[in-house]
Amino acid sequence: MATPAHVAIIMDGNGRWAKARGMPRLAGHRAGVEALRKIVRAAPGLGISFLTVYAFSSENWSRPKSEVSDLMGLLKLFIRRDLAELHQSGVRVRIIGDRAGLQSDIRGLLDEAESLTAANEALTLVIAFNYGGRDEIVRTARKLAAAVARGELDSDAITAESFANSLDTQGIPDPELVIRTSGELRLSNFLLWQAAYSELVFLPCYWPDFSREHLAEALREFAGRERRFGGLGVQDVAPRPAAG
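This is the structure:
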């Protein structure tokens, strides 16, 4: 079975999971963190080398302050509680997103997670935090424009490849598979550049209920698809006439 080296997940439905059980939204987010732990542990055994998760979007700041505070607390708890285990398991942590304006303690934890695990190779866990696909593209365009203005870069030298190498995901292959839970059918500003040719799988379960079996189901769905990248599939190519 063809297995994607890079799987990206939009972890959606924590709040609705909690509401369906008459629980506060924070309980849903806590259950979502536990689901993430299980999937990180399962990913290497399923042949996944890169796992990207949408942890906190740049649009999430518009949520109630109490919920944002809860989410920040969960991030701190996850790193403080899980970093040692991740490191011991050979997981490398990469953070993508805009760190400007984040509280110093948050930035310090993100930097610590990356530096401590930089040499690990069992799995690269990419955490999209304060991340938005459009924002990433704009920040990259500004960075390249500034380099051109300083005379350090010729504008003609900017290509799709060089642009990709200037994104937050520099050195990380594009995801072959993007999964979204909760039944919503959209990308929600997630990896807009990188997911140009990703296969998309939408599952109806809420993220706290997501399990290894759900991940395996998505991988089977991926394996059954034909990836064309704008070209023709085998069945679309007219057979050549027989010789003679």
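Under my numbering, the first residue of the sequence shown carries the number 761, and numbering increases by one thereafter.
Note that beta-carbon positions come from the ideal geometry of N, C-alpha and C, so glycine has one too.
Check: Nearest candidate by alpha-carbon position, reference residue 931, set 813, 923, 798; Outcome: 923
Check: Residues bridged to residue 766 (per DSSP); Outcome: 810
Check: Given 8 angstroms, three or more beta-carbon pairs between the stretch 873-880 and the stretch 789-805; Outcome: no
Check: Proximity below 7 angstroms, CB of residue 821 to CB of residue 966; Outcome: no
Check: DSSP beta-bridge partners of residue 937; Outcome: 767, 959
Check: Reduced DSSP category for residue 1002 - H, G, I as helix; E, B as strand; rest coil; Outcome: Confidence at residue 1002 is low in this model, with a pLDDT of 48, below 50, so the placement of that residue is unreliable and no value is reported for it.
Check: Inter-stretch contact (C-beta, 8 angstroms, three-pair minimum) for the stretch 856-867 and the stretch 779-791; Outcome: no
Check: Cβ shell of residue 907 (< 6 angstroms), same chain only, five flanking positions each side left out; Outcome: 913
Check: Where residue 951 sits in the DSSP three-state scheme; Outcome: coil
Check: Residue 893 versus 933, 856, 864, residue with shortest Cα-Cα distance; Outcome: 856
Check: Rounded separation between residue 846 and residue 852 - CA only; Outcome: 8 angstroms
Check: Whole-number beta carbon distance between residue 771 and residue 941, since they are thought to touch under 8 angstroms; Outcome: 6 angstroms
Check: Anticipated Cβ contact below 8 angstroms, residue 925 with residue 817, distance rounded; Outcome: Incorrect: roughly 24 angstroms between the Cβ atoms, too far for contact.
Check: Residue 774, enclosing alpha helix (DSSP H) - first and last residue; Outcome: 774-780
Check: Distance between residue 903 and residue 916 (C-alpha atoms, nearest Å); Outcome: 15 angstroms
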